[in-house]
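This report concerns only the one structure given below.
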Amino acid sequence: MPRSDSCASRRSGVHREERPARDARSEGGTVSTTTAKPRMTKLQRREAIAGYLFISPWIVGFLVFTLGAMVYSLVISFSHYQLATDTARPAGFSNYQALVEDPKVMTALANTLYYAVLAVPLEVLLALGLALLLNSQRRGAGLFRTIFYLPKMTPVVATASVFLLLLNGSQGAINRGLAAIGIDGPQWLLDPAWIKPSIVLMTLWGVAGTMVIFLAALQNVPTDLYEAASLDGAGAFRRFWNVTLPMISPAIFFNVLVLTIAAFQIFDQAFLLFHRDTVQGSSDASLFYAIYLFQQAFRQFNFGFAAAMAWLLFLIILVISLIQMRVGNRFVYYESEEAR
12 MPRSDSCASR
22 RSGVHREERP
32 ARDARSEGGT
42 VSTTTAKPRM
52 TKLQRREAIA
62 GYLFISPWIV
72 GFLVFTLGAM
82 VYSLVISFSH
92 YQLATDTARP
102 AGFSNYQALV
112 EDPKVMTALA
122 NTLYYAVLAV
132 PLEVLLALGL
142 ALLLNSQRRG
152 AGLFRTIFYL
162 PKMTPVVATA
172 SVFLLLLNGS
182 QGAINRGLAA
192 IGIDGPQWLL
202 DPAWIKPSIV
212 LMTLWGVAGT
222 MVIFLAALQN
232 VPTDLYEAAS
242 LDGAGAFRRF
252 WNVTLPMISP
262 AIFFNVLVLT
272 IAAFQIFDQA
282 FLLFHRDTVQ
292 GSSDASLFYA
302 IYLFQQAFRQ
312 FNFGFAAAMA
322 WLLFLIILVI
332 SLIQMRVGNR
342 FVYYESEEAR
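Just so we're on the same page, the numbering used here is the position in the sequence shown counted from 1, plus 11.
Given below as structure tokens:
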């Protein structure tokens, strides 16, 4: 009995001693589980410093040449800034008001939108078709992939010179080929209705970059999905529609987004074909937004108006990209989300 009493008293004493601690925890509401972060070791600090030093050229370049330039352009968009006289006078919103009143701005926007609607789907379809053709492990597949990628490596100036010869209305190779099958070719570089399609043809010449992205996506599609679809009796089209397209939908969405942004900034092809001093063409039909911005900035030296044009283009691309992301995410299949 004495032993049991002493054991009971010790147990009750333990409980009495533990109860205040439990009550204290319960009174506090929640128990703090935060712990002090371990301090970085000397080696970790040295590695962190080395990492920041390695990326410091990019950081400085971004702050000075990208972010700094954007902030500066936003400031001068609210001023009358002439490079020739090196003077800047506050202008308020007059530059943005001039954008609405200038008919050439609307013409350039309409041309750019027309080009984007025409070029982006054609680039996606052509790149996807080439990727499907090259998605083979047969002998010589690597050689053909290299050959199809070579046009992407051609400088834009050289490409424009070639297309000036190809698209010549009377002596061009394209019109000669059409004449051989009894078709009268158009005046690609003179007819306003064919100027933008001619620029699209030149753009399609460099579609290999998009093709490579599609090719990488196609090679990541699991083969067992095709085998399962074949066992279920799916034909080639059904396998493409129900297996290939859903699995490469992230690549399709990415390419559409990037190509749309690039289409609204079209400059090189139109400038080299139609807006050099030695080239005569229909200026209104080939006047894209970036071309008119360039003319205002570096020919008229109206940098305030050009900066306002640049920010209007930035807002347009931002809105279109947000709409594409909102709509596209409903149709894009991500394996990581399926796993979660």
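Positions of the beta carbon are idealized from the N, C-alpha and C atoms, including for glycine.
These figures come from a predicted structure and were not determined experimentally.
Buried versus exposed call for residue i [16 or more other C-beta atoms within 10 Å across all chains shown]
i    : result
N122 : buried
S209 : buried
G315 : buried
L304 : buried
R36  : Residue placement at R36 is poorly supported in this model, since its pLDDT is 46, which falls under 50; the coordinates are not used for a value here.
A227 : exposed
G24  : With a pLDDT of only 44 at G24, under 50, the local geometry of the prediction cannot be trusted, and the value read off the model is given with reservation. G24 comes out exposed.
Q280 : buried
W199 : buried
A190 : exposed
G39  : With a pLDDT of 48 at G39, under the threshold of 50, the modelled position of that residue is not reliable, and no figure is offered here.
N231 : exposed
R156 : buried
F342 : exposed
A247 : exposed
I70  : exposed
V86  : exposed
I277 : buried
V211 : buried
Cβ pair residue i, residue j closer than 8 Å
i    : j    : result
A138 : M222 : yes
I206 : F275 : no
Y300 : A127 : no
A184 : M213 : no
L145 : F159 : yes
L298 : K115 : yes
A262 : F309 : no
Y125 : P257 : no
G103 : F89  : yes
L270 : E134 : yes
R250 : Y237 : yes
A358 : Q307 : Because the chain spans 12 through 351 in this model, residue 358 falls outside it and cannot be assessed.
Nearest-angstrom beta carbon gap, residue j and residue i [assumed within contact, 8 Å]
i    : j    : result
A110 : A319 : Note on identity: in this sequence residue 110 is Leu, with Ala being the wrong assignment. Sure, about 6 Å apart at Cβ, within 8 Å.
N313 : Q93  : 7 Å
I272 : S332 : 7 Å
G220 : P162 : With 8 Å as the limit, G220 and P162 do not qualify as a contact, their Cβ atoms being about 10 Å apart.
G193 : N186 : G193 to N186, Cβ: 12 Å. No contact.
Q335 : V267 : 7 Å
A321 : S147 : Not a contact, Cβ separation roughly 44 Å.
F282 : I302 : 6 Å
Identity of the residues DSSP links to residue i by a beta bridge
i    : result
R100 : H91
N313 : Q93
Residue i, enclosing alpha helix (DSSP H) - first and last residue
i    : result
W69  : K53 to G72
A109 : S105 to E112
I263 : S260 to A274
N186 : A184 to A191
R149 : No alpha helix (DSSP H) contains R149, which DSSP labels as neither H nor E.
S181 : Counting along the chain, S181 falls outside any alpha helix (DSSP H), and DSSP gives it neither H nor E.
T214 : P203 to L215
R250 : A247 to R250
G244 : Counting along the chain, G244 falls outside any alpha helix (DSSP H), and DSSP gives it neither H nor E.
I224 : A219 to Q230
L78  : Unbroken run through L78: none, as it is neither H nor E.
D195 : Run containing D195: none; DSSP gives neither H nor E here.
F285 : D279 to F285
Distance cut-off 7 Å: residue i Cβ against heavy atoms of the ligand MG
i   : result
Y83 : Looking for the ligand MG in the displayed structure turns up nothing, as the structure carries no ligands at all.
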